[in-house]
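**Student:**
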Amino acid sequence: MEMDYLDSIINESLRLFPIVPRLERVAKASVEINGLVIPKDMVVLVPTWPLHRDPEIWPEPEKFKPERFSKKNQEDIDPYTYMPFGLGPRNCIGMRFALVVMKLAVVEILQRYSFSVSKETETLLNTELCTVIHADPHFIVSCS
Numbered sequence: 001m002e003m004d005y006l007d008s009i010i011n012e013s014l015r016l017f018p019i020v021p022r023l024e025r026v027a028k029a030s031v032e033i034n035g036l037v038i039p040k041d042m043v044v045l046v047p048t049w050p051l052h053r054d055p056e057i058w059p060e061p062e063k064f065k066p067e068r069f070s071k072k073n074q075e076d077i078d079p080y081t082y083m084p085f086g087l088g089p090r091n092c093i094g095m096r097f098a099l100v101v102m103k104l105a106v107v108e109i110l111q112r113y114s115f116s117v118s119k120e121t122e123t124l125l126n127t128e129l130c131t132v133i134h135a136d137p138h139f140i141v142s143c144s
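Read left to right, the sequence shown gives residues 1 to 144 (the UniProt record's numbering).
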């Protein structure tokens, strides 16, 4: 069964709230990129959080727009600008499992409950850069 819009929702959620805010790799050899020398054994950080919110790459980066990941638009996304699980041979080994679990969880929750944001809620999420995304203490959800 294909659930294209659910895939888009999951991908957009991971763009806004990546599993980790940065990826780390160690240079296997010295290399020069655009005049910058990266010596062998240097730790290189790839900042996924700011990369996923760069307005030059993602128009209106703070808005939740699942359509960015529709089949029609997905071909236009540079794979090195969206990497919630990393890329290449050292990407997250649990990526496929995590995606399946996320989809099953969303489907199960939506089949059982109806959600709405309470009128008392001031802000939805505290999106300051940190290791873990956490709900604002004043985030109130009505569930029925």
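The beta-carbon is built from N, C-alpha and C at its ideal position, and this holds for glycine as well.
Can you have a look at Leu14 and say buried or exposed, based on whether 16 or more other CB atoms are within 10 angstroms of its CB?
**Tutor:** Your numbering for residue 14 matches position 14 in the sequence shown. Buried is the call here.
**Student:** Tell me whether Ile77 sits in a helix, a strand or coil according to DSSP, three-state version.
**Tutor:** Translated into positions along the sequence shown, residue 77 becomes position 77. Note: Ile77 maps to coil in three-state DSSP.
**Student:** If you draw a straight line from the C-alpha of Glu56 to the C-alpha of Arg68, how long is it?
**Tutor:** Counting from one through the sequence shown, the residue named residue 56 turns up at place 56. Counting from one through the sequence shown, the residue named residue 68 turns up at place 68. Glu56 and Arg68: Cα-Cα distance of roughly 14 Å.
**Student:** Could you please give me the residues that DSSP links to Arg25 through a beta bridge?
**Tutor:** Numbered from its first residue, the sequence shown carries residue 25 at position 25. Note: Arg25 sits in a beta bridge opposite Val44.
**Student:** In the DSSP assignment, find the unbroken alpha helix (DSSP H) run with Ser13 in it and report its ends.
**Tutor:** One-based indexing of the sequence shown puts residue 13 at position 13. Note, Ser13: alpha helix (DSSP H), 4 to 16.
**Student:** Buried or exposed: Glu12, going by 16 or more other Cβ atoms within 10 Å of its Cβ?
**Tutor:** Here the question's residue 12 lines up with position 12 in the sequence shown. So Glu12 ends up on the buried side.
**Student:** Please confirm whether Thr48 and Met95 have their CB atoms less than 8 Å apart.
**Tutor:** For the purposes of this step, residue 48 is taken as the residue at position 48 of the sequence shown. For the purposes of this step, residue 95 is taken as the residue at position 95 of the sequence shown. No.
**Student:** Does DSSP put Ile109 in a helix, in a strand, or in coil?
**Tutor:** Taking the first residue of the sequence shown as position 1, residue 109 is located at position 109. Reduced to three states, the DSSP call for Ile109 is helix.
**Student:** Apart from the five residues just before and just after Arg90, which ones in its own chain have a Cβ nearer than 6 Å to its Cβ?
**Tutor:** As a first step, residue 90 must be located in the sequence shown, where it is residue number 90. Nothing listed; no residue qualifies.
**Student:** Use the C-beta contact count for residue 145: other C-beta atoms within 10 angstroms, 16 or more gives buried, fewer gives exposed.
**Tutor:** Residue 145 is absent from the structure shown; the chain starts at 1 and stops at 144.
**Student:** On the criterion of 16 or more Cβ atoms from any shown chain inside 10 Å, does Gly86 qualify as buried, or is it exposed?
**Tutor:** Position 86 of the sequence shown, counted from the first residue, corresponds to residue 86. Gly86 is buried by the Cβ-count criterion.
**Student:** Measuring CB to CB, does Arg22 end up less than 8 Å from Leu36?
**Tutor:** The residue labelled residue 22 in the question sits at position 22 within the sequence shown. The residue labelled residue 36 in the question sits at position 36 within the sequence shown. No. Outside cutoff.
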